[in-house]
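Let me begin by presenting the structure, written as structure tokens, before commenting on it.
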Amino acid sequence: MERLICRLCLGVSLLLTLTGCDAHWGMPVRGYGYPGGLAAFAPRTGGAVNFTYYPRFEAYYHHSSQQFYFPNGKKWETQPALPGATPQEIRRSPGVPFQFADHPSIYHPQVKQAFPPNWTPSSRRAEEGYEWGRSGWDLDRR
924 MERLICRLCL GVSLLLTLTG CDAHWGMPVR GYGYPGGLAA FAPRTGGAVN
974 FTYYPRFEAY YHHSSQQFYF PNGKKWETQP ALPGATPQEI RRSPGVPFQF
1024 ADHPSIYHPQ VKQAFPPNWT PSSRRAEEGY EWGRSGWDLD RR
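Numbering of the sequence shown is given in the numbering used here, commencing with residue 924 and proceeding in unit increments.
Pasting the structure below:
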């Protein structure tokens, strides 16, 4: 009986420790190859996405406000549509989901480097299993 109680206490404390350490519950979404610096902003399975980055247009769509955020020279603009692009063109182009707590301009240099205008999701990457400690970026550059 003592042994059962001890195992139960150990299991509960392990569970509390693991859930307390990770603010993002679930596995990162697969198929995008987030590099190490951006992996923390990858939405988790079952989690919410607040921005979708469209590399071809260098623009972020904010889902709750239904606005696009994009650089225009040295300043950032926010508009309900992208100049020179139809909604159909945007929807047909590949997008990368993110969960940012701050304005996307903070992360844009990293995002732009990781996801250039000609980026497309790799079907091979989407089919690979998740390996602890290795991001999709690492797997693609083996």
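By construction, the Cβ of each residue, glycine as well, lies at the ideal position given by its N, Cα and C atoms.
| query | result |
| --- | --- |
| Neighbourhood of residue 1003 by C-beta, 8 Å cutoff - its chain only, sequence neighbours within 5 removed | 989, 990 and 991 |
| Close beta carbons around residue 976, own chain, < 7 Å, minus the five adjacent residues each side | 983, 1018, 1019, 1021, 1034 and 1038 |
| Collapsed DSSP secondary structure at residue 997 in the structure displayed | coil |
| Nearest residue (CA-CA) to residue 1028, options 967, 981, 971 and 962 | 981 |
| Strand pairing of residue 1019, partner residues [DSSP] | 976 |
| Three-state secondary structure assigned by DSSP to residue 1038 | coil |
| Burial state of residue 1010, where buried means 16 or more other Cβ atoms lie within 10 Å | exposed |
| Euclidean distance between Cα positions of residue 986 and residue 973 | 5 Å |
| Paired residues, beta bridge with residue 982 - DSSP | 977 |
| DSSP three-state assignment for residue 1002, whether helix, strand or coil | strand |
| Between the CA atoms of residue 967 and residue 1006 - distance to the nearest angstrom | 31 Å |
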